[in-house]
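Chemist: Same order as they appear, the protein sequences are chains A and B.
Note that numbering that gives the first Met the number 0 numbers the first sequence so that position 86 is 85, with each residue one more than the last.
Note that numbering that gives the first Met the number 0 numbers the second sequence so that position 455 is 454, with each residue one more than the last.
My questions will all concern the structure given below.
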Amino acid sequence: MEQVTLSANMNKEDSTWEPKLLGFLCRWCSYAGADLAGTSRKKYPANIRVIRVPCSGRVDPLFILKALRLGFDGVLVSGCHPGDCHYQSGNYFARRRMAITKKFLEYMGINPKRVQVSWVSASEGAKFAEIVTEITQELKEIGPNRVFNDERQGNGTEATE
Amino acid sequence: MGSEPRIGVYVCHCGSNIAGTVDVKELTEFARGLGSVIVARDYVFMCSDPGQEIIGNDIRDLGLNRVVVAACSPTMHELTFRRVCQEAGINPYLLEIANIREQCSWVTEDKQMATDKAKAMLSAAVKRVYYHQPLEIRKVPFNANTLIVGGGIAGIGAALEIANSEHKVYLVEQGPSIGGHMIQLDKTFPTLDCSACILTPKMTQVGSHPYIELMSYSEVEEVSGYIGNFKVKIRKRARYVNADRCNGCGLCQEKCPLKVDSEFEAGMGKRKAIYVPFPQAVPNIPVIDTEHCTYFLKGKCRLCEEVCEVNAIDFEQEDEVVEVDVGAIMLATGFSVFDPTPIYQYGYKRLDNVITSLEFERLVNSSGPTTGNIVLKDGSTPQSIAIVHCVGSRDKNYHEYCSRVCCMYALKYAHLIKEKTDAEVYQYYIDMRCFGKGYEEFYERISGEGVNFIRGKVGEVTDRDISEEEKGKLIVVAEDTLLGSMIRLPVDMVILCVAMEPQPDMEAVARLFNISRSADGFLLEKHPKLDPVATTTDGVLIAGCCQGPKDIPDTVAQASAAAARVLAMISKGEVEIEAAVATINENLCSGCKICSLICPYSAISFDEEKEACRVNEALCKGCGACVSGCMSHAIDLRHFTNEQILAQIDGTLT
Chain A
0 MEQVTLSANM NKEDSTWEPK LLGFLCRWCS YAGADLAGTS RKKYPANIRV IRVPCSGRVD
60 PLFILKALRL GFDGVLVSGC HPGDCHYQSG NYFARRRMAI TKKFLEYMGI NPKRVQVSWV
120 SASEGAKFAE IVTEITQELK EIGPNRVFND ERQGNGTEAT E
Chain B
0 MGSEPRIGVY VCHCGSNIAG TVDVKELTEF ARGLGSVIVA RDYVFMCSDP GQEIIGNDIR
60 DLGLNRVVVA ACSPTMHELT FRRVCQEAGI NPYLLEIANI REQCSWVTED KQMATDKAKA
120 MLSAAVKRVY YHQPLEIRKV PFNANTLIVG GGIAGIGAAL EIANSEHKVY LVEQGPSIGG
180 HMIQLDKTFP TLDCSACILT PKMTQVGSHP YIELMSYSEV EEVSGYIGNF KVKIRKRARY
240 VNADRCNGCG LCQEKCPLKV DSEFEAGMGK RKAIYVPFPQ AVPNIPVIDT EHCTYFLKGK
300 CRLCEEVCEV NAIDFEQEDE VVEVDVGAIM LATGFSVFDP TPIYQYGYKR LDNVITSLEF
360 ERLVNSSGPT TGNIVLKDGS TPQSIAIVHC VGSRDKNYHE YCSRVCCMYA LKYAHLIKEK
420 TDAEVYQYYI DMRCFGKGYE EFYERISGEG VNFIRGKVGE VTDRDISEEE KGKLIVVAED
480 TLLGSMIRLP VDMVILCVAM EPQPDMEAVA RLFNISRSAD GFLLEKHPKL DPVATTTDGV
540 LIAGCCQGPK DIPDTVAQAS AAAARVLAMI SKGEVEIEAA VATINENLCS GCKICSLICP
600 YSAISFDEEK EACRVNEALC KGCGACVSGC MSHAIDLRHF TNEQILAQID GTLT
C-alpha cells in the first residue's frame, strides 16, 4: 500500500519530489563516520536510509538490485578506505563487485550513477555529510528511478532510462 | 524460530536531543501500527535505570520476544539494551537499535523530515528484528601474556604495572634502548625534577624484571588472531653484538674510529658507529649501525672485534624472527617531533643558533654535549634568547591541533636559562595554555622571574640587519597583538617549540594492528571521552602520545588505565567472541571453494567427504565477504542474514 503511494508521488514529477537514497555502511569506518557527522552536528539531506553491515564486502549485488526494484533512486556503498579494511580485504571485494554491478546496471538500461561507492573513515564525519549532500543533489538531477515503475504498479512492462 | 514474534518498540527522547527534532509521540503512535508490534512506548531516557526497567518489565509481563529501541547509535548502547534483554530472559541478539539520534535528529534540521526519516528507520528495524535469531555467545580462554609495543614512559609504566601482578609482558622497542623521548628531556615541568632521575630507576626495573621480556632493537612484523589469542611475529634485528657475552664495558665504543650524529642528542652531539645511545641505556648492549660502520661499507676495520675482551662482537649475526602468543596488545609507540625546515621564514637549518626545543633539551642537559652549558655555535654565552611557541601546532598549514606541552616547557626553558645565564628571555606566544595541576602556579612563578612575554605569532627570523644594534644577531619579527604594532627584536638564539606529530610509520602501524587513525594522524581511540584506551579492534589498546599529544602525567595515567584494562581481561580469564559468524548450508554448497579464497582468516575449509565447505567458527570474524561471493547462495551470515537485510531494506520504504 505504501509503495503504491510512493510510485504515485514519483509520477507527479513535481518540485516536491525527493530522491530516496539507500546507504550500506560498514560498521567500523563509514557507520562510525556517519555517527561522527551526527556528533559534530553536520547537517545533510534526510533522503538517506542507512543499513549497517559488518563490512562493505557483505554487500551483495542482489541488495542493490532489490533496492532499485523497490523504488530507491540511488544506492551508496561505503566502507573503510582501501588498505584500511577492518577485515583486511573486504572492501577490495566490494570495490570489484560494485564495479561489475554498475556495468550490469548500465547493460540493463539503468543509469550506473545511481550506485555510488565511496570510502569514509571513522574520522570523516564531514566527508560523509558532503557525500550524502552531493549524491542527493546528483539524484535530483538524474530524476526518479522509473525502471521498475510499471512493474511496481502491476503493469508488468519495464522502462529504461 | 519458535513462537511467533512479539515485538516491543521503545522510543527514547534523549532529553531534547531526539525529542527536540523528532516528534517522538507521533513516532511511537506510528510504531503501534507496525506488524507484530505488541507494545510501543516512549521515555525521556531509555538508557536510564527506569528506562531499562520499562523494557525489562514488558518482556516479562507481555511475553515479548523481540525488542526495538529507537535511540542513539548502537555503538553507544547496544550492549546496554542487550543486557536488559538477557536479564529479562530473552536472547540478547533479539534486539535491534534504530539510530535516530546520530543519524537522524542531530543531522536533520527540518522537524517533519526528521520525523519521517525516524519512522522509516524504526519500521526497518521492526521488519529486521522479526527475522532475528537467538545466537549463542561463545567464550574462549584469554592468554595471560601481553605484548607492549614501544618502550617510552607509557610502555615502561604499563609493562611494570602488568608484570608486577606476575603476568608475562613482552616489551618490544624499535630502538637500541628503552626510555623514549622522556629520557632525552632535561627537567620536567612544573616540579623541575630531573627527567632521567625519575625514569632510569624504572628502566632498570624493566630490564631486570622476571616477568618482562624486553626485546629492544626489534619490530613487530605480523599480527594474527583475535582478542585473547593473538599470534605476533617479532623481528629482532641483528645488533652484531652477542648480548649474552657483552658485559657493557664500552671499550668498543671508545675505540671505534667513526663518529656520526647522535639521534639521542638530537644531532647536537656525536656517537660512534658501534654505540649505546646513552650511558644509562637499558639494555646496556651496543649495536653496530650498519649504515655507517666502515666494515659494513668497505669490508674492513673490525677494530671493535679486536678490542672486545669477551669476544662479544659477531659480524655474522642475523635478524631473528620469534613468534609469541599474547592475549592483549598495547600500543605505546609515542610521537615524533615536527621538523620546522619547511617553515622557511623561521630559518631552521639555514641560520645558526635557530634550534628546536628537543635540541635545546639536550643543550641544557648536564649529561648533554655541552655538559649543560647554554652556548651558541661559536661557544659564547647568549645574551638574549627568543622562544617561539606553536611552531607547526595551531597552524592550518601543518597541524591544526595544540601540542599541549609547549607552553609549559617554554616556561621551563625560561627558568633554566635564567638559572644558568644572564640572558634576557622573550616568549612569543599565541595563548598561554597552562591547564594542568600546578601549571598555572608555575606560569605565575616564571612570570615573576623577569621573563618577557610577547603575544604574537612570529612572522620571520632573519639575519638581515637594518641597524647597528641588529648587526650579527638573529632578528625576530612579529606583531605584538597587545600593542598592535610590528616589532623587530635582535637576539642571539631562537628556540622553536615544535609540534608533537604522529610517528612517520603510524599508517603502517595502524594497518598492522588493524586499527584506525583520527584526522590528525594519531591512533583513534574507541571513544574520545569514555574509552580513550581501547580501539575498534578488541584486545588492542593504546596509551600515550600515539593517541594524541600529551604530557608525562597524562601519558602515565593513560598507560596505567590501559594496564588495568589488560589485567581485568586477564583476571576474567576468558573472552566472548563473535557470535555473528558465517554458516554454510551443505546441501546447497557446490564445493567450488570460492569462499575459502575470499576468506582473509582461512576460516573456511573443504570437507572432502561431504564435498562441501565448512566454516571454523573460532576463526570466522563475521565480515560476510564470503556470503556475497557465494554463487550458490549457500552461505549466510548470522545476525546479518540476507533475509534480515532484505527485510530492513523493505522496511525503510515505509
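In this text, a Cβ means the ideal position worked out from N, Cα and C, and glycines have one as well.
These figures come from a predicted structure and were not determined experimentally.
Residues in its own chain within less than 6 Å of residue 11 of chain A by CB, not counting five upstream and five downstream?
Modeler: Confidence at residue 11 of chain A is low in this model, with a pLDDT of 45, below 50, so its placement is unreliable and the value that follows should be read with caution. Excluding residues within five positions, none has a Cβ falling inside 6 Å.
Chemist: Rank B/214, B/310, B/225, B/198 by C-alpha distance to the C-alpha of residue 248 of chain B and give the top, closest one.
Modeler: For the residues B/214, B/310, B/225, B/198, the minimum Cα distance to residue 248 of chain B belongs to B/310.
Chemist: Could you give the DSSP three-state label for residue 154 of chain B: helix, strand or coil?
Modeler: The answer is helix: DSSP assigns residue 154 of chain B an H, G or I state.
Chemist: Pick from B/304, B/209, B/456: whose alpha carbon is nearest that of residue 481 of chain B?
Modeler: Of the candidates B/304, B/209, B/456, the one whose C-alpha sits nearest the C-alpha of residue 481 of chain B is B/456.
Chemist: Would DSSP call residue 22 of chain B helix, strand or coil?
Modeler: In this structure, residue 22 of chain B counts as coil in the three-state DSSP scheme.
Chemist: Given that a residue counts as buried once 16 or more other Cβ atoms are within 10 Å of its Cβ, and exposed if not, what is residue 145 of chain B?
Modeler: It counts as buried.
Chemist: Looking at chain B, which residues of the stretch 104-121 of chain A have a Cβ within less than 8 Å of any of its Cβ atoms?
Modeler: Per Cβ criterion, the list reads 120, 121.
Chemist: When DSSP builds the beta bridges, which residues end up paired with residue 225 of chain B?
Modeler: Answer is B/228.
Chemist: What first and last residue would you give for the beta strand (DSSP E) that runs through residue 115 of chain A?
Modeler: Looking at the DSSP string, the run of the beta strand (DSSP E) that includes residue 115 of chain A is 114-118.
Chemist: Which class does residue 43 of chain B belong to by DSSP, given the choice of helix, strand or coil?
Modeler: It is coil, neither helix nor strand.
Chemist: Using a cut-off of 7 Å between C-beta atoms, extract the partners of residue 27 of chain A located in chain B.
Modeler: 535, listed in chain order.
Chemist: What's the call for residue 348 of chain B, buried or exposed, on a 16-neighbour Cβ count within 10 Å?
Modeler: Counting Cβ neighbours within 10 Å, residue 348 of chain B comes out exposed, since fewer than 16 surround it.
Chemist: Which residues, taken in chain order from the stretch 564-582 of chain B, show a beta carbon closer than 8 Å to some beta carbon of chain A?
Modeler: Correct list: 579.
Chemist: Would you report the Cα separation of residue 398 of chain B and residue 519 of chain B, rounded to the nearest angstrom?
Modeler: Whole-angstrom Cα-Cα distance: 7 Å.
Chemist: Work out the CA separation of residue 93 of chain B and residue 2 of chain A for me, nearest whole Å.
Modeler: Note on residue 2 of chain A: pLDDT 44, under 50, position unreliable in the model; no value is reported.
Chemist: Which of the residues in the stretch 585-599 of chain B, read from start to end, lie with their CB under 8 Å from any CB of chain A?
Modeler: From the stretch 585-599 of chain B, only 597, 599 have a Cβ closer than 8 Å to chain A.
Chemist: Could you check which residue in B/277, B/243, B/82, B/264 has the C-alpha nearest to that of residue 199 of chain B?
Modeler: Ranking the options by Cα distance to residue 199 of chain B, first place goes to B/277.
Chemist: Check this for me: beta carbons of residue 232 of chain B and residue 322 of chain B, under 8 Å apart or not?
Modeler: For residue 232 of chain B and residue 322 of chain B, yes; Cβs fall inside 8 Å.
Chemist: Let me know the secondary structure DSSP gives residue 489 of chain B once reduced to three states.
Modeler: Note: residue 489 of chain B maps to strand in three-state DSSP.
Chemist: In angstroms, rounded to a whole number, what distance separates the CA positions of residue 415 of chain B and residue 445 of chain B?
Modeler: Answer to the nearest angstrom: the Cα atoms are 10 Å apart.
Chemist: Grouping DSSP H, G and I as helix and E and B as strand, with all else coil, what is residue 178 of chain B?
Modeler: It is coil, neither helix nor strand.
Chemist: Quick one: does residue 36 of chain B have its CB under 8 Å from some CB of chain A?
Modeler: Output row for residue 36 of chain B: interface = no.
Chemist: Based on the DSSP output, what are the partners of residue 526 of chain B in its beta bridges?
Modeler: Paired residue(s): B/530.
Chemist: Counting C-beta neighbours from all protein chains within 10 Å, is the total for residue 550 of chain B 16 or more, i.e. buried, or is it exposed?
Modeler: Buried is the call here.
Chemist: Can you name the start and end residues of the alpha helix (DSSP H) that residue 203 of chain B belongs to?
Modeler: Where residue 203 of chain B is concerned, the enclosing alpha helix (DSSP H) stretches over 194-207.
Chemist: If you draw a straight line from the C-alpha of residue 202 of chain B to the C-alpha of residue 423 of chain B, how long is it?
Modeler: Cα-Cα distance, rounded: 37 Å.
Chemist: Among B/546, B/89, B/319, which one has its Cα closest to the Cα of residue 220 of chain B?
Modeler: Looking at the Cα atoms, B/319 is the closest of the given residues.
Chemist: For residue 72 of chain A, name the three-state secondary structure that DSSP assigns.
Modeler: Residue 72 of chain A: coil per DSSP, three-state reduction.
Chemist: For residue 4 of chain A, is the classification buried or exposed, using 16 other Cβ atoms within 10 angstroms of its Cβ as the cut-off for buried?
Modeler: Note that residue 4 of chain A scores a pLDDT of 44, beneath 50, so its modelled location is shaky; the value from the coordinates is reported in the next line. The residue in question, residue 4 of chain A, is exposed, as its Cβ has fewer than 16 Cβ neighbours within 10 Å.
Chemist: Alpha carbons only, please: which of B/367, B/40, B/501 is nearest the one belonging to residue 522 of chain B?
Modeler: Minimum Cα distance to residue 522 of chain B is reached at B/501.
Chemist: Which same chain residues end up closer than 8 Å to residue 73 of chain B when comparing Cβ atoms and leaving out the 5 residues on each side of it in sequence?
Modeler: Hits under 8 Å: 96, 98.
Chemist: Does DSSP put residue 410 of chain B in a helix, in a strand, or in coil?
Modeler: It is helical.
Chemist: How big is the Cα-Cα spacing for residue 177 of chain B and residue 280 of chain B?
Modeler: Taking the straight line joining both Cα atoms gives about 7 Å.
Chemist: Give the straight-line distance between the Cα atoms of residue 620 of chain B and residue 245 of chain B, rounded to the nearest whole angstrom.
Modeler: When rounded, the distance between both Cα atoms is 46 Å.
Chemist: In angstroms, rounded to a whole number, what distance separates the CA positions of residue 577 of chain B and residue 328 of chain B?
Modeler: Answer to the nearest angstrom: the Cα atoms are 19 Å apart.
Chemist: Residues of chain B with CB closer than 7 Å to the CB of residue 70 of chain A, please, in chain order.
Modeler: Within 7 Å Cβ-Cβ: 652.
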